[in-house]
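Participant:
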Amino acid sequence: MKSSFAENDLGVLVDKWNVSQHVALVSKNTDSFLGCIRKNAASRIREVILPLYSALVRPHLGSSVQFWAPQYMRDMDLLKRVQQRFTKMIKGMEHLTLQKQLRELGLFSLQKRRFGGVLINVYKYLMGTLKETEPGFFQWSPVTGQEATGTN
């Protein structure tokens, strides 16, 4: 058995409470998928490339993202570049900014998708349908008025 500083938990590679190594691995894997799409796609039109991205690349970028949300800007930029490389593959999208490309394709940025996933999990927890948490993991705190800001 070899010694390692990184731990793989829930499919997420964590090293000293840092997920940068996992982000780099996800980026590398999704780049491989983008390379395969670029080489093998018969056409660069939206109708061909978008379903391939949705089926092959996006699941890797969003898999368990609520648990390994990038902590550093460099990690978020690395993942954003993957999405940008995809959008530039589509014919006619090369000159647009990433935000305009995503809007044109009907996609959300990775940050919005992550936030949406967090909101869904919070809703599930509040409704009592989230089973992954232990009883007493979260505690309700009746905070109102000025107490909420920490000023008295």
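Start counting the sequence shown at 224; every next residue gets the next number (our numbering).
Think of the CB as a built atom: it goes at the ideal place given N, C-alpha and C, for glycine as much as any other residue.
Keep in mind the model is a prediction, meaning the values are calculated, not measured.
1. Just to confirm the assignment, what range does the alpha helix (DSSP H) spanning G258 have?
2. I need the straight-line Cα distance from Y348 to H318, nearest angstrom please.
3. Is Q322 buried or exposed, if buried means 16 or more other CB atoms sit within 10 Å of its CB?
4. Could you say which of M299, L330, D298 lies nearest to T310 if we only look at CA atoms?
5. Would I268 pass as a contact of M312 if the rule is Cβ separation under 8 Å?
6. What do you get for T378, buried or exposed, if any count of 16 or more other CB atoms within 10 angstroms of its CB means buried?
7. Please work out which residues of its chain come closer than 8 Å, Cβ to Cβ, to L279, disregarding the five sequence neighbours upstream and downstream, and give them in chain order.
8. Give the single residue among D298, G285, L302 whose Cα lies nearest to the Cα of D254.
Facilitator: In this structure, then:
1. 243 to 263
2. 42 Å
3. exposed
4. L330
5. no
6. Residue coverage of the chain in this structure runs from 224 to 375, which leaves residue 378 outside it and unanswerable.
7. F256, C259, I260
8. L302
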